[in-house]
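In what follows, a single structure is set out as structure tokens and then discussed.
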Amino acid sequence: MTGFYRFVITILKILMPFVFRVKAEGLENIPKEGPAIVCANHRNMLDCVVIAIKCKRQIYFLGKQELYKTKFWRTVFLKLGSIPVKRGEPDLNVIRQSGKVLKEGHLLGIFPEGTRIKTGELGEFEPGTAMIALRNKSSVVPMHIYGDYKFMHRIVLKVGKPFELTEYYGQRMSMDLLAEATEVIKNKVKEV
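Following my numbering, the numbering of the sequence shown begins with 3 at its first residue and continues without gaps.
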């Protein structure tokens with residue numbers, strides 16, 4: 003964990019109880035070491051904060067390109083280890099950077115819906131998570147965030163057991179294969 007990341011998380015841990023009541027279940031399912039993809043539904047911009055303050059390891063989150071527009075926020079997000087993503091189009095740079103994070107033994111954080119779904123229902127999952135998991139033969143840790151981000155409301159983070167898409171290893175990467183693997187990931191997140 004970098005010094006800057008640790009500093010920011012410490013501040014957020016202090017502030018969060020004054021805004022929301024965050025509870026976490028299944029944290030023991032997050033690997034203590036080695037690479038994995040942390041994969042969660044996306045309700046609010048604060049989802050990454052909720053996950054980060056409950057995880058004892060640094061998570062390198064993918065973030066939409068729009069978050070990096072100003073020099074200040076670009077510097078902050080990059081120092082936190084995040085990876086900018088151009089939504090709605092394939093981005094080989096993101097695939098490469100994600101692979102590098104995993105090869106270095108870190109946790110990669112992805113919200114596969116690609117946008118916030120405020121209703122609490124799961125939206126459609128983009129195939130990028132499955133592609134990254136298959137290319138890197140990485141385990142996926144499914145997470146589900148419940149609750150409304152209203153002042154002093156309870157937010158619950160549930161963490162499921164890690165799984166791998168082993169049944170798809172060695173197969174030719176195709177849109178059908180990615181769609182099928184993506185559905186597996188979505189179902190795991192839904193089950194948590």
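Think of the CB as a built atom: it goes at the ideal place given N, C-alpha and C, for glycine as much as any other residue.
Give the DSSP-derived three-state secondary structure of Pro144 in the structure shown.
-> Working through the sequence shown from its first residue, we reach residue 144 at position 142. Residue state, collapsed to three classes: strand.
Distance, Ser84 Cα to Lys15 Cα = In the sequence shown, the residue the question calls residue 15 occupies position 13. In the sequence shown, the residue the question calls residue 84 occupies position 82. C-alpha separation (whole angstroms): 19 Å.
Please go through the same chain and pick out, in chain order, the residues whose beta-carbon is closer than 7 Å to the beta-carbon of Val96, but skip the five residues on each side of it.
-> Numbered from its first residue, the sequence shown carries residue 96 at position 94. So the qualifying residues of the chain are Leu64, Ile85 and Val87.
Between Val40 and Leu110, which are expected to be in contact by the criterion C-beta below 8 Å, what is the C-beta distance as a whole number of angstroms?
-> For this step, residue 40 is matched to residue 38 along the sequence shown. For this step, residue 110 is matched to residue 108 along the sequence shown. Between Leu110 and Val40 the Cβ distance is about 7 Å, and since that is below 8 Å, they are a contact.
Reduced DSSP category for Val191 - H, G, I as helix; E, B as strand; rest coil = Looking up residue 191 in the sequence shown gives position 189. Looking at Val191 - three-state DSSP - the assignment turns out to be helix.
Would you give the residue range spanned by the beta strand (DSSP E) that Phe63 belongs to?
-> Sequence index remark: in the sequence shown, residue 63 carries index 61 (1-based). Residues Ile61 to Lys66.
Neighbourhood of Gly162 by C-beta, 8 Å cutoff - its chain only, sequence neighbours within 5 removed | Taking the first residue of the sequence shown as position 1, residue 162 is located at position 160. Answer for Gly162: Gly28, Asn31, Val143, Pro144, Met145, His146, Lys190, Val191, Glu193 and Val194, listed in chain order.
Extent of the continuous beta strand (DSSP E) run through Leu159 = Locating residue 159 in the sequence shown gives position 157, where the first residue counts as 1. Looking at the DSSP string, the run of the beta strand (DSSP E) that includes Leu159 is Arg156 to Val161.
Three-state class that DSSP yields for Tyr172 in the structure shown | Taking the sequence shown and counting its residues from 1, the one referred to as residue 172 is at position 170. The sequence given here places Gly at residue 172; Tyr does not occur at that position. Three-state DSSP puts Gly172 in coil, outside helix and strand.
Three or more beta-carbon pairs under 8 Å between the segment 164-184 and the segment 127-138, yes or no?
-> yes
Apart from the five residues on each side of it in sequence, which residues of its chain come closer than 6 Å, Cβ to Cβ, to Pro233?
-> Lying outside 3 to 194, the shown extent of the chain, residue 233 is not represented and no answer is given.
State whether the segment 150-159 contacts the segment 6-26, with contact taken as three or more CB pairs (one from each stretch) at a distance under 8 Å.
-> yes
CA-to-CA distance, Leu82 to Tyr62, given in whole angstroms = Against the sequence shown, residue 62 aligns to sequence position 60. Against the sequence shown, residue 82 aligns to sequence position 80. Rounded to the nearest angstrom, the two C-alpha atoms are 7 Å apart.
Selected residue, minimal CA-CA separation from Arg59, among Pro33, Glu115, Arg98 and Asn138 = Along the sequence shown, one-based indexing puts residue 59 at 57. Of Pro33, Glu115, Arg98 and Asn138, the residue nearest in Cα terms is Pro33.
Alpha carbon to alpha carbon, how far is Thr168 from Phe20?
-> Translated into the one-based positions of the sequence shown, residue 168 becomes position 166. Translated into the one-based positions of the sequence shown, residue 20 becomes position 18. One C-alpha to the other measures close to 43 Å.
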